[in-house]
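The structure appears below as structure tokens.
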Amino acid sequence: MKKTFAALAAVASIGLTSVASAGTLVINTDTSDPAPKAAFQYVIDKFQAENPDVTVEWNLFDHEGYKQSIRNFLNTNAPDVANWYAGNRMRPFVRAGLFEDVSDIWADSGWQDGEINNSMAHAKKSMTIAGRQWGVPYTYYQWGVYYRKDIFEKMGIAVPKTFDEFVAACAKLKEGGVTPITIGSKYLWTTAGVFDYLNLRTNGYEFHMDLALGKVPYTDPRVQATFDNWDRLVKPGYFIENHAAYSWQEALTPMVNGEAAMYVMGNFAVAPLREAGLTDDQLGFFQFPEITPGIPMAEEAPTDTVHIPANAKNKKDAKRFLIFMARADVQTEINKILGQLPINSASTVADDKFLKAGNEMLNNAYAMAQFYDRDAPAEMASAGMKGFQEYMVKPERRDAILKRLEKARQRVYK
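Written as structure tokens, this is what we have:
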């Protein structure tokens, strides 16, 4: 049985039925957009076909309704399964005791011949808090550097493996009349992608997570070192001019026109670049290069997850569902529908050069960050991204901006 709730008001007016009878599994998701909805419809139909003793009740929310109501229903009328996000985004629910510890699913317990343990180890860090695992991931997508392969080849520029090589490539592009990096910072979040990679590569994943958790001052010398590296891109003018006036989509145009050569962006940019006329011979992708030698290469990979609420009534079948969601064949089909990447390394990836490149990169990643506005609390993320954009426009204000962000950190995390 499936129930669809278009908005929180509708949920409030009709109420949620999550009183599970024997063999009833109640699932709440915010997968109301067409592709995620179709993916979950596939999952539920397949799960019920394989488990005829279980009846699934699916409560489908829109994104905003879900964000506003999840804490309430986890506390008062919990479903048996709920979808959410990895990393620090799940931390408040873990700390509040609202998500179930599912470390046994991750352990080599014999379930699925240890498939979860062996084939999703690269994603384990993003699901771990206090040494335990709190859910199962089923889809993600890569960030990295998308670039005009044809321009690089024409100008004799090799794909950079280190930050020094990256900066040298920028210098050569600028000398040749091409803006090295396009970005549209009108809506701020694109600047966070650049900051995240610079910080991950300068200081490492653990430091980056500590910063997002408010454990590190923004005036710390290690944060300053991240901005020192950012200075090497901002001060010589390697980003497109007037980027604060452009949305991320509008900033694609200079890349399509050959006026700019690179974009630090998520894989969702590929479709509009292709639609604008770039061919796969013109467009390439590479991993954001190493900055501090020896620091393990963590990646930016927003990850969607499923969890068992601590107050769930049917945890036995909920565990069956999470194990099912972790299976290679299931993740293959889900991500075929989503056009994204499966977490399970034994899954099959769609025949697309960018998905294949992202899959190889993420399968070998040290860990996955979830993006600044997921890893940091909303108030800190807002202040941070405003500061990042201001810095990119006025780098001379850097010290004042970092002092302001430190005041915000002290206020947000007190």
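The numbers in my numbering rise by one with no breaks, and the one at position 365 of the sequence shown is 365.
Here a beta-carbon is modelled for each residue, glycine too, at the ideal position from N, C-alpha and C.
At least 3 beta-carbon pairs within less than 8 Å: the segment 174-182 vs the segment 339-352: no
Residues near Phe286 in its chain [Cβ-Cβ closer than 6 Å; skip 5 each side]: Working through the sequence shown from its first residue, we reach residue 286 at position 286. So the list reads Val145, Val159, once near-sequence residues are dropped.
Sub-8 Å separation of Ile334 and Tyr140 beta-carbons: Your numbering for residue 334 matches position 334 in the sequence shown. Your numbering for residue 140 matches position 140 in the sequence shown. Going by C-beta atoms, Ile334 is not nearer than 8 Å to Tyr140.
Paired residues, beta bridge with Pro34 - DSSP: Within the sequence shown, residue 34 is the residue found at index 34, counting from 1. Bridge partners of Pro34: none, in fact.
Proximal residues to Thr182 (C-beta, below 6 Å), its chain only, five neighbours per side dropped: Start at 1 with the first residue of the sequence shown, and residue 182 comes out as number 182. Within the same chain, Thr182 has close Cβ partners Ile240, Ala251, Pro254, Met255, Ala260, Tyr263.
Separation of Lys353 from Asp280, as counted between CA atoms: Taking the sequence shown and counting its residues from 1, one reaches residue 280 at position 280. Taking the sequence shown and counting its residues from 1, one reaches residue 353 at position 353. If I take the Cα positions, the gap works out to 8 Å.
Classification of Ala187 by the beta-carbon crowding that lies within 10 angstroms, buried from 16 upward: Taking the first residue of the sequence shown as 1, we reach residue 187 at position 187. Looking at the sequence itself, residue 187 is Tyr, so the reference to Ala does not match. Counting Cβ neighbours within 10 Å, Tyr187 comes out exposed, since fewer than 16 surround it.
Close beta carbons around Lys420, own chain, < 7 Å, minus the five adjacent residues each side: In the structure displayed, the chain extends from 1 to 414; residue 420 sits before or after that span and is not available.
Backbone secondary structure at Pro395 - three-state DSSP: As a working mapping, residue 395 is identified with position 395 in the sequence shown. Helix, per DSSP.
Outcome for Asn267 when other beta-carbon atoms lying within 10 angstroms are tallied against a minimum of 16: Taking the sequence shown and counting its residues from 1, the one referred to as residue 267 is at position 267. That one is buried.
Reduced DSSP secondary structure (H/G/I, E/B, other) of Asp113: The count along the sequence shown starts at 1 and reaches residue 113 at position 113. Caution is warranted here: a pLDDT of 47 is assigned to Asp113, below 50, making its placement in the model unreliable, and the coordinate value is therefore given only provisionally. Three-state result, Asp113: helix.
Buried versus exposed call for Lys319 [16 or more other C-beta atoms within 10 Å across all chains shown]: Counting from one through the sequence shown, the residue named residue 319 turns up at place 319. Flag for Lys319 reads buried.
C-beta atoms of Ala192 and Met392 nearer than 8 Å: Translated into the one-based positions of the sequence shown, residue 192 becomes position 192. Translated into the one-based positions of the sequence shown, residue 392 becomes position 392. No, Cβ-Cβ distance for Ala192 and Met392 is not below 8 Å.
Every unbroken alpha helix (DSSP H) within the segment 136-194, with a cutoff of 4 residues, ordered by chain: 149-154, 163-175
Environment of Glu50 [buried if 16+ CB atoms lie within 10 Å]: The sequence position of residue 50 within the sequence shown is 50, counting from 1. Label assigned to Glu50: exposed.
Beta carbon of Pro309 nearer than 8 Å to that of Leu74: Position 309 of the sequence shown holds residue 309. Position 74 of the sequence shown holds residue 74. Cβ atoms of Pro309 and Leu74: closer than 8 Å.
Euclidean distance between Cα positions of Ala367 and Arg201: Within the sequence shown, the letter at position 367 stands for residue 367. Within the sequence shown, the letter at position 201 stands for residue 201. Approximately 12 Å between the Cα atoms of the pair.
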